[in-house]
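Chains as they are written, first to last, in the numbering used here: chain Y, 508 to 849; chain V, 508 to 849.
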């Protein structure tokens with residue numbers, strides 16, 4: 508039987524000390540870290556970028572099939588993705604957690620192992636946070652800070668007609684991974700003796716449980732001296748995000764269905780559920796890829812990076828927001844993204 | 508019957524738009540606010556201070572006796588207090604909330620009224636956040652940012668033997684306020700027809716439900732050219748905080764019981780519960796006053812501010828951390844502060 512240490516045996520300050528005692532700062536911008544009323548940051552002439560996400564058990568994740576270490580990693584990644592989406596470099600995070608007394612110290616250690624793995628991989632420092640009990644479930648709040656030169660900031664609201672519409676990686680896999688895990692959970696609850704059948708679905712499941720943020724794309728922009736005209740990360744499905752850029756930039760668009768990048772493993776997996784891979788990419792969510800628009804003059808630079816797909820172009824607003832299907836038809840793009848309140 | 512609008516009728520983006528549409532930035536440091544992947548801040552040569560708190564219904568607050576507007580106000584204040592405790596000026600907050608479907612739009616509006624009232628009173632901008640459903644209860648996560656000149660930052664770890672030990676305002680009232688509200692809640696649950704008897708307890712109850720952060724003290728330091736040698740805010744009771752400063756600064760202290768500031772209204776209220784006002788001040792919590800140490804050479808300046816009490820002095824570490832009682836006895840200071848995990 509695994510060791511179980513009750514959190515109450517440490518008290519709040521003992522717990523914080525236990526969870527943060529091995530922190531070594533990686534950024535010169537981290538002036539004061541954990542252990543005071545507040546942390547102190549100095550981005551030395553760069554601007555500071557800040558984003559935050561609240562993750563709640565039973566709403567955003569299911570501990571039946573989410574390993575705590577992966578959850579810790581992902582909690583950081585989803586915030587770093589927002590920092591990269593501003594064309595910025597993440598530098599610090601704060602992390603607050605609330606947990607019921609069913610959590611042991613060993614469980615929290617697993618979660619923090621994932622948090623620190625993400626911090627190490629992306630070069631960010633954990634500089635503060637809060638720990639609390641909760642009445643029910645596990646609650647995670649991460650705030651991420653980053654730095655960027657003022658002239659490099661990329662917002663959602665600055666796309667222009669004629670710009671190329673691009674995205675990184677491939678889309679829709681995390682959603683299909685979720686379908687598999689939900690199916691296996693249902694089977695397990697009905698027939699606990701049945702072994703899970705996830706053979707061959709490693710790709711889509713790993714995209715759900717252990718996503719990465721696209722620091723490589725931001726580095727590529729830097730190396731190639733590219734500044735996108737607009738950018739955001741894809742967390743609620745491609746459709747929803749394209750509509751955000753169109754609305755905030757006051758432009759229209761043409762999106763080519765055949766250009767939307769989907770992985771072969773995702774396609775095969777989607778067909779097992781008899782769903783359309785394009786629909787997964789458009790409405791699935793949790794991809795944490797980047798969606799961005801570029802001046803046409805940057806087109807030649809893109810061939811250097813096979814992780815970037817040109818999926819369409821921006822138009823004048825009166826031309827509408829349209830998808831051109833593989834069959835050549837023109838349809839309005841509609842957001843069927845996730846509504847957390849339904 | 509009051510109007511009730513279901514959150515689900517707006518969707519997440521409609522809700523965010525509703526809650527943030529009237530924001531007007533008060534700080535030049537707010538470059539990009541709500542509406543993109545992340546906010547952008549520029550403290551123009553000052554350093555950035557960051558702190559965060561997680562507040563969970565049933566753990567940190569009870570909606571039976573906490574008006575939502577007060578809760579919104581307090582959620583901001585508890586974070587600003589940490590910013591002031593670094594001798595910094597708060598400039599921005601992010602706010603994430605999770606709420607069950609028992610919350611209507613009108614309820615969230617009340618909560619945000621309190622948030623915006625605090626933002627207005629303290630000159631801070633709401634620049635980002637997250638909204639989510641929760642399985643149970645109301646969850647609030649606030650992150651506050653502030654700015655400070657590097658040479659003005661005051662940490663907990665830099666008190667020196669011989670320094671004066673000081674605090675702002677008066678202590679223990681919020682705790683006694685909590686005792687009253689918990690008593691009335693118990694009576695109400697047992698006998699709903701009994702009217703609450705809180706006459707005369709306005710002071711202690713307002714200290715609990717609508718605390719303020721001590722921006723006046725930080726302004727006084729600025730005006731008088733005082734930089735405390737160490738500082739923190741008093742949120743877990745005076746004893747606990749003094750021990751933090753002693754440990755982190757490696758000093759001892761002498762605290763005079765008779766010098767601990769307690770309000771007359773608090774004393775009267777404490778006696779109704781037959782508890783010692785000093786015990787409330789030492790262990791009560793939620794005061795959000797400032798505890799700080801000063802060089803003795805600053806003593807003369809203190810007479811200008813009746814909101815500051817000198818309550819003792821710091822010593823070499825080997826002299827221990829002691830309280831001198833009204834009877835002249837010397838006792839070890841022990842922290843009986845709140846343990847969120849018990």
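Note that beta-carbon positions come from the ideal geometry of N, C-alpha and C, so glycine has one too.
| Check | Outcome |
| --- | --- |
| Residues that residue 593/Y bridges to, as DSSP identifies them | According to DSSP, which records beta bridges pairwise, residue 593/Y is partnered with nothing at all. |
| Proximity test, Cβ basis, 8 Å: residue 714/V and chain Y | no |
| Alpha helix (DSSP H) segment containing residue 705/V, residue limits | Per DSSP, residue 705/V belongs to no alpha helix (DSSP H) and is neither H nor E. |
| DSSP-derived helix/strand/coil call for residue 654/V | strand |
| Distance, residue 692/Y Cα to residue 571/Y Cα | 7 Å |
| Cutoff 6 Å; reference residue 636/Y; Cβ partners in own chain excluding five residues on either side | 601, 602 and 603 |
| Simplified DSSP assignment, three categories, for residue 825/Y | helix |
| Short Cβ contact (8 Å threshold) for residue 639/V with residue 585/Y | no |
| Residue of 707/V, 708/V and 737/V minimising C-alpha distance to residue 674/V | 737/V |
| is_contact[residue 790/Y, chain V] using C-beta, thresh 8 Å | no |
| Neighbour flag for residue 579/Y against chain V, beta carbons, 8 Å | no |
| Three-state secondary structure assigned by DSSP to residue 554/V | strand |
| Per-residue contacts from residue 549/Y into chain V (C-beta, under 8 Å) | 554, 555 and 657 |
| Euclidean distance between Cα positions of residue 826/Y and residue 672/Y | 15 Å |
| Any C-beta of chain Y under 8 Å from that of residue 592/V | yes |
| Interface partners of residue 739/Y on chain V, CB under 9 Å | 543 and 544 |
| Element boundaries [beta strand (DSSP E), containing residue 838/Y] | 837-839 |
| Residue 537/V to residue 678/Y span [Cα, whole Å] | 34 Å |
| Beta-carbon contacts of residue 840/Y that lie in its chain and below 7 Å, excluding the five residues immediately before and after | 746, 749, 750, 762, 828, 829 and 830 |
| Whole-angstrom distance between residue 647/V and residue 772/V, CA atom to CA atom | 31 Å |
| DSSP state of residue 701/Y mapped onto helix, strand, coil | coil |
| Range covered by the alpha helix (DSSP H) that runs through residue 726/V | 722-731 |
| C-beta atoms of residue 618/V and residue 579/V nearer than 8 Å | yes |
| Contact set between the stretch 800-824 of chain V and chain Y, restricted to residues whose Cβ is under 7 Å from the partner | none |
| 8 Å contact criterion, which residue 850/V and residue 541/V should meet: CB distance rounded | The question about residue 850/V has no answer here: the residues shown for chain V are numbered 508 through 849. |
| Delimiting residues of the alpha helix (DSSP H) encompassing residue 741/V | No alpha helix (DSSP H) holds residue 741/V; the beta strand (DSSP E) holding it covers 737-741. |
| CB of residue 767/V within 8 Å of CB of residue 788/V, strictly | yes |
| Bridge partners - residue 631/V, DSSP secondary structure assignment | For residue 631/V, which the question treats as bridged, DSSP gives no partner whatsoever. |
| Status (buried if at least 16 other CB within 10 Å, exposed otherwise) for residue 796/Y | buried |
| Residue range of the unbroken alpha helix (DSSP H) whose run includes residue 570/Y | That residue, residue 570/Y, is in no alpha helix (DSSP H); it is neither H nor E in DSSP. |
| Rounded separation between residue 847/V and residue 732/Y - CA only | Note that residue 847/V scores 48 on pLDDT, short of 50, meaning its location in the model is unreliable and no value can be drawn from it. |
| Residue 614/Y to residue 525/Y span [Cα, whole Å] | 13 Å |
| Member of 564/Y, 598/Y, 608/Y and 594/Y whose CA lies at the smallest distance from the CA of residue 518/Y | 608/Y |
| Below-8 Å beta-carbon distance, residue 512/V vs any chain Y residue | no |
| Closest residue to residue 794/Y among 605/Y, 547/Y, 782/Y and 682/Y (Cα-Cα distance) | 682/Y |
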